[in-house]
Every structure is written in structure tokens, then in C-alpha cells.
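Residue numbering for the sequence shown follows full-length UniProt numbering, starting at 1 and increasing by one per position. To start, the structure under review is shown below, and the notes come after it.
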Amino acid sequence: MKPTRPFHQTPVITIDGPTASGKGTVAALVAAHLGFHLLDSGALYRLAALASVRYDVAPDAADELAKLVGDLHITFREGLAQLDGVDVSTEIRAEAVGNRASAIAVHAPVRAALVARQRAFRKEPGLVADGRDMGTVIFPDAALKVFLTASVEARAARRYKQLIQKGFSANMDDLLRDLRERDERDSMRAAAPLKPAADAKLLDTSALTIDQAVEQVVQWYRALQPRA
Ligand code: CDP
Numbered sequence: 001m002k003p004t005r006p007f008h009q010t011p012v013i014t015i016d017g018p019t020a021s022g023k024g025t026v027a028a029l030v031a032a033h034l035g036f037h038l039l040d041s042g043a044l045y046r047l048a049a050l051a052s053v054r055y056d057v058a059p060d061a062a063d064e065l066a067k068l069v070g071d072l073h074i075t076f077r078e079g080l081a082q083l084d085g086v087d088v089s090t091e092i093r094a095e096a097v098g099n100r101a102s103a104i105a106v107h108a109p110v111r112a113a114l115v116a117r118q119r120a121f122r123k124e125p126g127l128v129a130d131g132r133d134m135g136t137v138i139f140p141d142a143a144l145k146v147f148l149t150a151s152v153e154a155r156a157a158r159r160y161k162q163l164i165q166k167g168f169s170a171n172m173d174d175l176l177r178d179l180r181e182r183d184e185r186d187s188m189r190a191a192a193p194l195k196p197a198a199d200a201k202l203l204d205t206s207a208l209t210i211d212q213a214v215e216q217v218v219q220w221y222r223a224l225q226p227r228a
């Protein structure tokens with residue numbers, strides 16, 4: 001049976017999954033294909049991580065971090081992320097920033113401080129949101145929920161390529177170790193752990209090209225639309 005949604009509700013497609021599963025790339029392409037807005041929620045956690053370094057707030061100081069996050073001056077424009085009016089799009093992609101993001105993301109007050117900011121991205125004609133808890137916590141009423149997976153080796157290889165392309169140095173053994181650690185921390189935390197929503201569709205991208213993954217998501221979404 002097809003899920004029904006009230007006509008006034010802006011559609012959301014959530015794409016969650018572990019680190020380097022390809023969700024960011026797939027989400028951006030699905031959004032472009034459908035003409036939808038895009039929320040890269042990981043970028044918010046990365047910006048918060050960067051701010052915590054700049055303002056010297058320890059990764060375990062949950063309440064102080066939540067206050068910092070609540071006050072963050074962030075803008076996203078044409079694919080660029082700004083912190084306090086300065087473009088930090090490249091800086092936030094560093095592995096060290098991702099690891100710190102994962103460390104501060106364990107705190108429930110930090111996550112709570114980001115909820116309204118994330119929901120504000122839901123605008124007509126629709127939104128594609130990628131992250132860890134988009135389908136479980138932020139947009140539980142999403143029209144389509146996708147959980148992307150891929151083997152840890154496939155993900156490490158992708159992340160390696162991505163980092164080298166962005167001009168960062170990378171080492172495969174370190175990446176594999178970091179990915180496993182990050183998977184473990186993201187899945188085991190009490191607050192919004194990484195897990196597929198009960199109603200999510202699973203998509204293993206280990207053996208798929210990006211285009212095939214995008215096509216599958218678009219096809220699932222189209223299948224939900226009432227026939228004209
Ligand atoms: O690119 P990658 O998948 O490694 O990470 P990301 O999506 O940019 O997110 C960085 C970190 O933020 C993740 O390791 C998560 O711990 C955290 N995060 C989260 O907790 N919830 C989200 N919705 C998005 C990211």
C-alpha cells in the first residue's frame with residue numbers, strides 16, 4: 001500500500017548511512033535531479049566541530065558545546081559552507097574535523113541544539129536530507145527513507161580517493177581504522193545512533209556506480225507518486 005501524505009506537507013527524502021557510504025554524493029545528485037533542496041547534516045556537525053576547535057571548547061563539554069552550536073553563525077550558499085562569514089567548505093572536509101564531529105555528535109544536548117536548524121531546510125518543492133538520523137529523528141514523516149551501506153573496504157577506498165582529490169594526504173590503513181572506529185562510535189551512542197529507520201529501504205552500494213544508486217533512489221521516489 002502506498003503511504004499517503006497531506007497535500008500541504010513538503011516531501012522529504014532521507015538518505016542515512018555510515019561514513020563514506022556515498023550518501024552525500026547520492027543525496028546531492030538526487031536533489032539536483034528532482035529540483036529539491038539539499039541538507040548535508042554532517043556539514044553542520046563538521047562546522048560545529050571546527051567551531052569547537054576555534055573557540056577552544058573541549059569535545060566532552062556537552063553543555064558548553066550545545067551553547068556554542070546554538071549560537072553558531074552558519075550559512076550555506078551555492079554549495080559553500082561559511083562559519084562567521086568565512087568560507088570553510090574545504091577545511092570541514094579534513095578527516096580530523098570528521099572525527100571530532102563524530103566525537104561531539106554523541107552528546108544529546110548538541111544534537112538537540114541542531115534540530116530546528118535542520119528542519120528549517122524543509123522547503124518547497126522538497127528536500128533531500130543526508131546524515132545518520134534523518135529518517136529516525138529529524139524527519140520521521142519523510143516520504144522516502146533510504147539507508148545506504150557499503151563494505152568497509154569499498155568505503156575506505158572511496159574516502160581515500162575523495163581526500164586525495166581535495167588535496168589532503170591519506171593513508172589506507174589509517175583510514176580503515178578510523179572508519180571502523182567512527183562506525184562503532186556512531187552506532188553505539190545512546191543519542192540517535194546510526195541505524196536504519198524501521199521503514200527505510202536498504203541500498204548496498206558496494207557494487208553500484210553512483211549513477212545506479214541515484215537512479216534507484218529516484219525510481220523508489222517516483223513509485224510513491226500517485227499516477228496522473
Ligand atoms: O562524510 P562522513 O559520512 O564521514 O561524515 P559526515 O556525514 O560529514 O558527518 C560527520 C560526523 O557527524 C559523523 O561521523 C557523525 O558522527 C556526525 N553526524 C551525526 O551524528 N548525525 C548526522 N545527522 C550527521 C552527522
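Think of the CB as a built atom: it goes at the ideal place given N, C-alpha and C, for glycine as much as any other residue.
Contact between Leu83 and Leu47 holds, with the beta-carbon distance rounding to 5 Å and staying under 8 Å.
In the structure shown, Gln9 falls within a coil segment according to DSSP collapsed to helix, strand and coil.
For Leu194, there is no enclosing beta strand (DSSP E), since its DSSP letter is neither H nor E.
Ranked by Cα distance from Thr75, the options Asp211, Leu39, Ala108, Asp63 are led by Leu39. Taken through DSSP and simplified to helix, strand or coil, Lys123 comes out as coil. For Gln162, there is no enclosing beta strand (DSSP E); the residue is part of the alpha helix (DSSP H) that begins and ends at 152-165. Assigned with DSSP and collapsed to three states, Gly24 falls in helix. Secondary structure at Gly131: strand, using DSSP grouped into helix, strand and coil. From the listed residues Ala112, Gly126, Glu153, Thr10, the smallest Cα separation to Asp133 is found for Ala112.
The nearest non-hydrogen atom of ligand 1 is 7 Å or more from the C-beta of Thr25. A distance below 6 Å between beta-carbons, with the five flanking residues on each side excluded, links Ala154 to the following residues of its chain, in chain order: Ser206. DSSP places Ala81 within a strand segment (E or B) once states are collapsed to three.
By the neighbour-count definition (other C-beta atoms within 10 Å, threshold 16), Gln118 is a buried residue.
Between the alpha carbons of Ala32 and Leu208 lies a distance of about 20 Å.
In the DSSP annotation of this structure, Val57 is not part of any beta strand (DSSP E), being labelled neither H nor E. Just measuring C-alpha positions, the residue of Pro193, Leu202, Glu95 sitting nearest Ile138 is Pro193.
In the three-state scheme derived from DSSP, where H, G and I count as helix and E and B as strand, Asp141 is classed as coil. For Leu34, the three-state secondary structure derived from DSSP is helix.
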